[in-house]
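Below: the structure, in structure tokens.
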Amino acid sequence: MAKKDNDQNSQIRCFLCIELDDYLKDEIEEITEKLKPLAPNLKWVSREALHLTLKFCGNISQPTVDMISRELKERLDTSRIDPFTLKLSGIGGFPSLKRPRVLWLGISGDLSPLFKLQLMVEKVCSSFKGVHKDEKPFSPHLTLARVKKPSDVTPTLIDFMANMKVRDISWPVEIFTFMKSDLTPRGAIYTPLVRYKLGGAL
Numbered sequence: 029m030a031k032k033d034n035d036q037n038s039q040i041r042c043f044l045c046i047e048l049d050d051y052l053k054d055e056i057e058e059i060t061e062k063l064k065p066l067a068p069n070l071k072w073v074s075r076e077a078l079h080l081t082l083k084f085c086g087n088i089s090q091p092t093v094d095m096i097s098r099e100l101k102e103r104l105d106t107s108r109i110d111p112f113t114l115k116l117s118g119i120g121g122f123p124s125l126k127r128p129r130v131l132w133l134g135i136s137g138d139l140s141p142l143f144k145l146q147l148m149v150e151k152v153c154s155s156f157k158g159v160h161k162d163e164k165p166f167s168p169h170l171t172l173a174r175v176k177k178p179s180d181v182t183p184t185l186i187d188f189m190a191n192m193k194v195r196d197i198s199w200p201v202e203i204f205t206f207m208k209s210d211l212t213p214r215g216a217i218y219t220p221l222v223r224y225k226l227g228g229a230l
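Per my numbering, the very first residue in the sequence shown carries number 29; after that it's consecutive.
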């Protein structure tokens, strides 16, 4: 049975994610700067907003955020999920590069602990009332841009991406974050609520 969301006020739009180091953002920024001129009307993700989403929670109350956070800390103490390494791997689009709604960078590396971490996060979050339910299975990626109109995706962009080589830069994952998202006319502003170290909370 889902646990009760006991405060209908002060809704917080939030998600859990893996943040990226600056050197990785530098690399991704180089990639997007090559792509932007080929499709300037796409909604490109800013450097500050780059992250790997583990679970989008939607709008939930502060008490629910607190309860999820406490349970995550308890699970981490017993889960034995060690730090792991991920790396960039390819570029593409969902549902396909020819007709994308999202442009992404792929993820490879130590995927087994990544999926274990995401499953733990999913199980904890989904036990609480009001948390967003994902319709599709977890597919690790970094979102580069979102497509509003199919006509904004130019043939030149598709051809360029189809032949683009992405350096397989790796990075260590030791921490994941409960992130608040405030929507503004200029885009979302992200504020860390809690950071968790694999094996226990910071």
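Beta carbons are placed, not taken as given, at the ideal position from N, Cα and C, and that holds for glycine.
CA-CA distance, Leu100 to Met192, rounds to 39 Å. Each residue's CA atom was taken as its position, placing Lys177 and Pro213 some 19 Å apart. The Cβ neighbour count for Ser89, taken over all protein chains shown within 10 Å, is at least 16; the residue is labelled buried. Residue ranges of uninterrupted beta strand (DSSP E) with 3 or more members, entirely inside the region 67-91 and ordered along the chain, are 79-88.
Secondary-structure assignment with DSSP links Glu47 through a beta bridge to His79.
With the rule of 3 Cβ pairs closer than 8 Å, the region 90-97 does not count as touching the region 45-56. Residue pairing of Pro200 in beta bridges, as defined by DSSP: Thr113.
Restricting attention to Lys164, Val73 and Asp138, the CA atom closest to the CA of Ala173 is found in Val73. Annotation for Lys225: the continuous beta strand (DSSP E) segment containing it runs Gly215 to Lys225.
Distance from the Cα of Ile40 is smallest, within the candidate group Arg108, Gln146, Pro220 and Ile56, for Pro220. Unbroken beta strand (DSSP E) runs of no fewer than 3 residues, entirely contained in the region 113-199, are found at 130-137 and 169-174, following chain order. At the C-beta level, Val149 and Leu44 come within 8 Å of one another. Counting only the Cα atoms, Gly86 lies some 5 Å from His160.
Burial is judged here by how many other beta carbons sit within 10 angstroms of a residue's own beta carbon; Phe143 has fewer than 16 and is exposed. Rounded to the nearest whole angstrom, the C-alpha separation of Asp54 and Val194 is 13 Å.
Rounded to whole angstroms, the gap between the alpha carbons of Ile186 and Gly158 is 38 Å.
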